[in-house]
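Accompanying notes for the structure given below.
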Amino acid sequence: MPKNSKVTQREHSSEHVTESVADLLAHQEPVDYKRSVLNVAGEGWDKQKEGDEELDAENRPAWNSKLQYILAQIGYSVGLGNVWRFPYLCQKNGGGAYLVPYLVLLIIIGLPLFFLELAVGQRIRRGSIGVWNYICPRLGGIGYASCLVCFFVGLYYNVIIGWSIFYFFKSFQYPLPWSECPIVKNGSVAVVETECERSSATTYFWYRETLDISNSISESGGLNWKMTLCLLVAWSLVGLAMIKGIQSSGKVMYFSSLFPYLVLVCFLVRGLLLRGAVDGIMHMFTPKLDKMLDPQVWREAATQVFFALGLGFGGVIAFSSYNKQDNNCHFDATLVSFINFFTSVLATLVVFAVLGFKANIMNEKCVVENAEKILGYLNTNVLSHDLIPPHVNFSHLTAKDYNEMYRVIMTVKEGHFKELGLDACLLEDELNKSVQGTGLAFIAFTEAMTHFPASPFWSVMFFLMLINLGLGSMIGTMSGITTPIIDTFKVRKEVFTVGCCIFAFVVGLIFVQRSGNYFVTMFDDYSATLPLTVVVILENIAVAWIYGTKKFMQELTEMLGFRPYQFYYYTWKYVSPICMAVLMTASIIQLGVSPPGYSAWIREEAAEKFLFYPTWAMAILISLIILASLPLPLVFILRQFHLVSDGSNALSVTYKKGRMMKDISNLEDNDETRFILSKVPSETPSPMPTHRSYLGPGSNSPLEMSSAPNGRYGSGYLLASTPESEL
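What follows is the structure in structure tokens.
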């Protein structure tokens with residue numbers, strides 16, 4: 001025993017030495033509990049198994065650096081939604097006024113729940129399944145539900161990466177293949193493709209050349225071999241990034257997380273130099289304050305906050321589980337949340353600088369086409385030359401001159417104006433044409449880039465950015481599946497990762513048939529929204545009401561070295577659960593009020609048409625929601641009625657490095673979460689006073705006697721905490 005221990009001090013001094021059981025244990029050699037009276041489970045001693053258990057926590061992969069971890073979290077939370085969903089919502093819901101509800105909800109919902117997931121992952125050092133089994137075994141279905149939702153999202157998310165890969169390789173040519181409509185031969189006559197002529201070159205390239213889309217979800221049309229190959233490449237990239245664990249994917253994050261910011265800054269600088277960019281930005285941030293009172297705006301802002309940070313997927317928990325115990329996850333949560341917000345605003349500036357440029361181009365085109373109509377009417381005497389203001393010059397007609405001429409003609413020819421077929425050609429109308437998702441990335445943005453000088457370079461940069469944003473999010477999504485499964489079932493990481501990617505590719509073939517885009521829309525709209533909302537509500541309840549907010553705050557104080565703000569106490573316990581419940585209710589109401597449907601591309605009309613899902617598609621849609629939510633009640637029922645073991649009768653205790661460790665993943669409600677061996681209550685209690693420092697949930701002191709003589713397992717216990725408690 002060391003000379004400076006309290007026991008040695010007692011031997012050489014008459015002074016009273018205050019000594020806790022934890023102090024004594026700190027100087028003891030590891031005990032083979034399976035061969036001692038500590039083996040309360042009555043298990044046979046397995047040296048190999050014991051060694052594996054002891055090395056598990058030590059051998060858990062870890063981030064090479066704090067920067068690598070931060071970049072991984074940023075890469076996961078900053079995804080395609082920041083580029084093509086946030087700008088659309090901002091434009092639709094009041095421009096600059098939309099930023100107010102978004103920022104408020106980010107602070108009262110996003111940040112606290114993001115901090116909560118980071119904290120539980122770092123504290124318990126397990127994936128989503130192990131974390132929620134630890135906190136409340138009966139709510140262990142949360143982890144399984146997260147895995148299922150991650151799988152559903154990963155299926156279609158990688159298809160979008162596949163589309164970006166296709167456009168990326170198509171960008172290495174000049175002119176860009178979507179810059180002009182194709183010419184087809186009709187006998188000896190060359191004519192423009194009818195579908196393209198009736199829509200636009202970029203729209204035609206997207207729907208016909210890329211997707212070769214069918215007219216409805218009911219028309220499969222067979223596999224699109226080009227998209228199938230791109231999907232295979234996408235899953236290969238994800239598999240290669242995942243197969244060697246976080247050391248490999250962490251290095252990938254250096255590029256996949258930082259490169260999009262480089263591209264966004266380049267696009268912003270280039271966009272601001274374009275004619276009309278300022279018009280787009282001013283339109284974007286002109287606040288429509290009346291929109292702030294619309295409940296729909298707050299609902300959409302809450303949904304965007306929820307998905308922007310990746311809450312409930314398990315990826316946040318998985319990444320944080322590879323952290324050191326003393327990592328300042330509060331700083332991480334704040335940093336990543338506001339970087340996410342900054343990225344959304346940056347992407348919005350870029351998008352509307354480019355769309356402002358496009359709106360000016362399209363407005364000029366409109367002016368030229370309608371000016372030709374007016375000249376035709378003047379030459380045929382349908383309109384009088386007296387209607388044209390004297391300063392108007394048709395060879396250099398400006399939008400302002402055209403609008404003046406348009407108003408005069410509309411006033412004079414009021415009764416027959418509609419027959420003339422003239423358009424107003426207002427810049428505001430072009431700017432109000434809101435686009436999102438694939439419509440923004442693969443139609444509006446690609447069309448704008450055709451007008452850029454050196455357009456192939458900008459196209460390559462843009463789609464490489466989309467690929468990187470997608471890969472960053474996919475690595476986090478896949479970690480939400482692989483980490484908890486590997487932690488819980490101890491399967492081989494390489495085998496499981498490869499098998500998971502192959503299985504996902506095979507199932508994902510449904511998205512690369514000719515009707516595949518409609519299935520992407522279905523999964524995007526319904527596979528995750530409602531189940532994830534329920535998952536996050538239960539996560540919040542499990543920590544704040546079952547585990548206990550006070551206990552959790554004390555755990556954080558011990559782990560971080562400082563007490564988090566009381567703000568988190570009240571948001572976790574009251575504000576966030578109420579807000580999430582309101583969001584879930586609003587989502588259910590929205591689902592009932594608006595019958596599920598999708599926008600189909602009708603080839604003959606060369607236009608989109610809203611269609612309702614057929615009965616069989618509705619069955620798939622409902623099945624997705626039920627299947628993703630099913631683990632929640634299923635696990636609860638199985639463990640509530642003891643249909644499966646929750647581990648409460650297989651308690652095992654180990655000593656390691658002076659700390660007591662145990663499997664607490666599945667204890668019953670009246671089982672404590674930590675303990676150390678002591679005298680049974682019937683024996684004379686130790687005269688030593690207890691050490692009063694708080695070591696974790698389940699008690700207010702590290703020493704607590706079992707309430708019943710000999711306890712449930714035939715002996716009495718005192719409690720002690722270990723940050724490395726294993727599941």
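Counting with the UniProt record's numbering, you get residues 1 to 727 for the letters of the sequence shown. Even glycine gets a Cβ: it sits at the ideal position worked out from N, Cα and C.
Assess, as a yes-or-no matter, whether the stretch 532 to 547 is touched by the stretch 583 to 600 under the definition of 3 or more beta carbon pairs within less than 8 Å. Three or more Cβ pairs closer than 8 Å define a contact, and the stretch 583 to 600 meets that threshold against the stretch 532 to 547.
Could you give the C-beta distance for residue 559 and residue 326, rounded to a whole number, given that I count them as a contact under 8 Å? The count along the sequence shown starts at 1 and reaches residue 559 at position 559. The count along the sequence shown starts at 1 and reaches residue 326 at position 326. Contact flag correct, Cβ pair sits at about 7 Å.
Identity of the residue in 79, 611, 234, 72 nearest residue 319 by Cα: Against the sequence shown, residue 319 aligns to sequence position 319. Nearest C-alpha to residue 319: 72.
Determine the DSSP secondary structure at residue 191, reduced to helix, strand or coil. As a working mapping, residue 191 is identified with position 191 in the sequence shown. Three-state result, residue 191: strand.
Measuring CB to CB, does residue 122 end up less than 7 Å from residue 328? Within the sequence shown, residue 122 is the residue found at index 122, counting from 1. Within the sequence shown, residue 328 is the residue found at index 328, counting from 1. No; because the gap between Cβ atoms is not below 7 Å, this pair is not in contact.
Would you say the stretch 510 to 529 touches the stretch 281 to 300, given that touching needs at least three Cβ pairs under 8 Å? Short answer: they don't touch.
C-beta atoms of residue 178 and residue 194 nearer than 7 Å: If you number the sequence shown from 1, residue 178 lands on position 178. If you number the sequence shown from 1, residue 194 lands on position 194. Cβ atoms of residue 178 and residue 194: not closer than 7 Å.
Tell me which residue opens and which closes the alpha helix (DSSP H) that residue 621 is part of. Residue numbering aside, residue 621 sits at position 621 when the sequence shown is read from its first letter. Residue range 615 to 629 is occupied by the alpha helix (DSSP H) that includes residue 621.
Among all the DSSP beta bridges, which residues are the ones paired with residue 207? Position 207 of the sequence shown holds residue 207. DSSP lists no bridge partner for residue 207.
Enumerate in chain order the residues of its own chain whose CB-to-CB distance from residue 516 is below 8 Å, with the five nearest sequence positions on each side excluded. Here residue 516 is taken as the residue at index 516 of the sequence shown, counted from 1. These residues qualify, in order along the chain: 159, 211, 224, 227, 510.
Anticipated Cβ contact below 8 Å, residue 148 with residue 453, distance rounded: Along the sequence shown, read from residue 1 onward, the residue named residue 148 stands at position 148. Along the sequence shown, read from residue 1 onward, the residue named residue 453 stands at position 453. The C-beta distance from residue 148 to residue 453 rounds to 47 Å, too long to meet the 8 Å contact threshold.
Taking only runs of the beta strand (DSSP E) that begin and end inside the stretch 326 to 414, which ones reach a length of at least 3 residues, in chain order? None, since the stretch 326 to 414 contains no complete beta strand (DSSP E) of that length.
Less than 8 Å between C-beta atoms, sequence neighbours within five positions excluded: which residues of the same chain meet that for residue 231? Taking the first residue of the sequence shown as position 1, residue 231 is located at position 231. Answer for residue 231: 158, 159, 162, 505, 508, 509, 511, 512, listed in chain order.
Going straight from the alpha carbon of residue 125 to that of residue 431, what length do you get? Locating residue 125 in the sequence shown gives position 125, where the first residue counts as 1. Locating residue 431 in the sequence shown gives position 431, where the first residue counts as 1. Rounded to whole angstroms, the separation of the alpha carbons of residue 431 and residue 125 is 49 Å.
Does DSSP classify residue 184 as helix, strand or coil? Within the sequence shown, numbered from 1, the residue matching residue 184 stands at position 184. Per DSSP, reduced to three states, the secondary structure at residue 184 is strand.
In angstroms, rounded to a whole number, what distance separates the CA positions of residue 497 and residue 491? Sequence index remark: in the sequence shown, residue 497 carries index 497 (1-based). Sequence index remark: in the sequence shown, residue 491 carries index 491 (1-based). Computed Cα separation, rounded: 10 Å.
The beta strand (DSSP E) with residue 598 in it runs from where to where? In the sequence shown, residue 598 corresponds to position 598, counting from 1. Bounds of the beta strand (DSSP E) holding residue 598 are 597 to 602.
Contact check, residue 243 vs residue 128, beta carbons under 7 Å: Sequence index remark: in the sequence shown, residue 243 carries index 243 (1-based). Sequence index remark: in the sequence shown, residue 128 carries index 128 (1-based). No; because the gap between Cβ atoms is not below 7 Å, this pair is not in contact.
So, are the CB atoms of residue 363 and residue 423 less than 7 Å apart? On the sequence shown, residue 363 is found 363 positions in, with the first residue counted as 1. On the sequence shown, residue 423 is found 423 positions in, with the first residue counted as 1. Contact flag unset, no.
Hey, quick one: how far does the beta strand (DSSP E) through residue 611 stretch, first residue to last? Residue 611 sits at position 611 when you count from the first residue of the sequence shown. It spans 607 to 612 - the beta strand (DSSP E) in which residue 611 sits, taken as one unbroken run.
Report the option in 626, 587, 465 whose CA atom is closest to the CA atom of residue 261. For the purposes of this step, residue 261 is taken as the residue at position 261 of the sequence shown. When only C-alpha atoms are compared, the closest one is 465.
Scan the stretch 554 to 600 and note each continuous alpha helix (DSSP H) run of 4 residues or more that stays entirely inside, going in chain order. Within the stretch 554 to 600, the complete alpha helix (DSSP H) runs of at least 4 residues are 566 to 570, 576 to 593.
So the candidates are 374, 398, 438; which of them puts its Cα closest to the Cα of residue 361? The residue you call residue 361 lines up with position 361 of the sequence shown. Of the candidates 374, 398, 438, 398 places its Cα closest to the Cα of residue 361.
Contact under 7 Å by Cβ, residue 470 with residue 257: If you number the sequence shown from 1, residue 470 lands on position 470. If you number the sequence shown from 1, residue 257 lands on position 257. Not in contact: residue 470 and residue 257 (Cβ atoms no closer than 7 Å).
Which class does residue 513 belong to by DSSP, given the choice of helix, strand or coil? Taking the first residue of the sequence shown as 1, we reach residue 513 at position 513. In the structure shown, the three-state DSSP call for residue 513 is strand.
Report back the beta-carbon spacing between residue 601 and residue 443 to the nearest angstrom; my notes put them in contact at under 8 Å. As a working note, residue 601 is residue 601 in the sequence shown. As a working note, residue 443 is residue 443 in the sequence shown. Wrong, their Cβ atoms sit about 11 Å apart, outside the cutoff.
In whole angstroms, what is the alpha-carbon distance linking residue 514 and residue 170? The sequence position of residue 514 within the sequence shown is 514, counting from 1. The sequence position of residue 170 within the sequence shown is 170, counting from 1. Distance between the alpha carbons of residue 514 and residue 170: 20 Å.
Mind the definition here: the stretch 341 to 360 touches the stretch 127 to 145 only if three or more C-beta pairs lie below 8 Å; say whether that holds. Three or more Cβ pairs closer than 8 Å define a contact, and the stretch 341 to 360 falls short of that threshold against the stretch 127 to 145.
Simplified DSSP state of residue 309, which is helix, strand or coil: Counting from 1 along the sequence shown, the entry for residue 309 is found at position 309. If DSSP states are grouped into helix, strand and coil, residue 309 belongs with coil.
Just reading off the alpha helix (DSSP H) that residue 446 is part of, what are its end residues? Your numbering for residue 446 matches position 446 in the sequence shown. Note, residue 446: alpha helix (DSSP H), 445 to 449.
Compute the beta-carbon to beta-carbon distance between residue 402 and residue 367, rounded to the nearest angstrom, for a pair I have assumed lies under 8 Å. On the sequence shown, residue 402 is found 402 positions in, with the first residue counted as 1. On the sequence shown, residue 367 is found 367 positions in, with the first residue counted as 1. Rounded, the Cβ-Cβ distance is 5 Å, consistent with contact.
For the candidate residues 635, 425, 410, 365, whose alpha-carbon lies nearest to that of residue 387? Against the sequence shown, residue 387 aligns to sequence position 387. Closest option to residue 387, Cα to Cα, is 410.
Do residue 337 and residue 480 have their C-beta atoms within less than 7 Å of each other? Locating residue 337 in the sequence shown gives position 337, counting from the first residue. Locating residue 480 in the sequence shown gives position 480, counting from the first residue. For residue 337 and residue 480, no; Cβs fall outside 7 Å.
Using the three-state DSSP reduction, which class does residue 688 fall into: helix, strand or coil? Here the question's residue 688 lines up with position 688 in the sequence shown. For residue 688, the predicted model reports a pLDDT of 37, less than 50, meaning its position is unreliable and no value from the coordinates is stated.
Distance between residue 334 and residue 473 (C-alpha atoms, nearest Å): Along the sequence shown, read from residue 1 onward, the residue named residue 473 stands at position 473. Along the sequence shown, read from residue 1 onward, the residue named residue 334 stands at position 334. Answer to the nearest angstrom: the Cα atoms are 19 Å apart.
Alpha carbon to alpha carbon, what distance is there between residue 426 and residue 408? Reading the sequence shown from its first residue, position 408 is the one you call residue 408. Reading the sequence shown from its first residue, position 426 is the one you call residue 426. When rounded, the distance between both Cα atoms is 15 Å.
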